[in-house]
Amino acid sequence: MDVVLLVGRVLFVLLFFHSAVGHLTKTAPMAQYAGAQGVPFPWLAVFGSGLLQLLGGALVLLGLWPDVGALLLAVFLLPTAVLMHPFWKREDADARQGDQLHFLKDIALAGAALMLFALFAHAGDDLGLTASGPLLDLD
2 MDVVLLVGRV
12 LFVLLFFHSA
22 VGHLTKTAPM
32 AQYAGAQGVP
42 FPWLAVFGSG
52 LLQLLGGALV
62 LLGLWPDVGA
72 LLLAVFLLPT
82 AVLMHPFWKR
92 EDADARQGDQ
102 LHFLKDIALA
112 GAALMLFALF
122 AHAGDDLGLT
132 ASGPLLDLD
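The working numbering puts the first residue of the sequence shown at 2, with every later residue one more than the last.
Shown next as structure tokens:
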């Protein structure tokens with residue numbers, strides 16, 4: 002099962018690494034879009050969210066305090082869903098549908114990140130193929 006969990010971790014973080022690269026290399030245009038969505042301090046929000054995704058994804062992938070990594074990803078996803086994909090504000094049906102899909106994707110991924118947090122924190126040092134145990138121990 003350790004290999005299955007490792008493969009799952011790799012697949013889970015690919016999206017976050019891809020997104021982090023965009024946030025960190027295209028900060029200015031992404032900040033302009035975030036500002037248009039009403040995000041406060043958009044440049045800082047975009048750059049900071051890129052760092053959250055990169056660090057959180059790396060911690061989950063490497064199994065180095067993977068519980069903290071999973072929490073960082075949830076901290077990124079929940080506000081992103083609300084601030085960047087407010088489908089309830091869209092009047093255009095296509096825009097509403099697109100934002101609703103992205104909102105639900107972010108909420109679902111946040112749920113998965115929280116489940117990973119619980120798994121990592123509960124399994125403790127018994128979890129195989131990791132660089133360390135969790136920082137937080139829920140036992």
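We put the beta carbon where it would ideally sit given N, CA and C, even for glycine.
Ala35 versus Ala59: straight-line alpha-carbon distance, rounded | 25 Å
Do you know offhand how far Arg97's Cα is from Asp107's?
-> Those two C-alpha atoms are separated by around 15 Å.
For Ser50 versus Phe77, is the C-beta distance shorter than 8 Å?
-> Yes, these two residues count as a Cβ contact at 8 Å.
Can Phe118 and Ala71 be called in contact, C-beta distance under 8 Å?
-> yes
Please classify Gln101: does DSSP put it in a helix, a strand, or coil?
-> helix
Can you list the alpha helix (DSSP H) stretches of 4 or more residues lying completely in the segment 8–81, in chain order?
-> 28–37, 43–63
Keeping to the same chain, check which residues put their C-beta closer than 8 Å to that of Leu56; ignore five residues upstream and five downstream.
-> Gly70, Leu73
Flag this pair as yes or no: are the beta carbons of His24 and Gln54 separated by less than 8 Å?
-> yes
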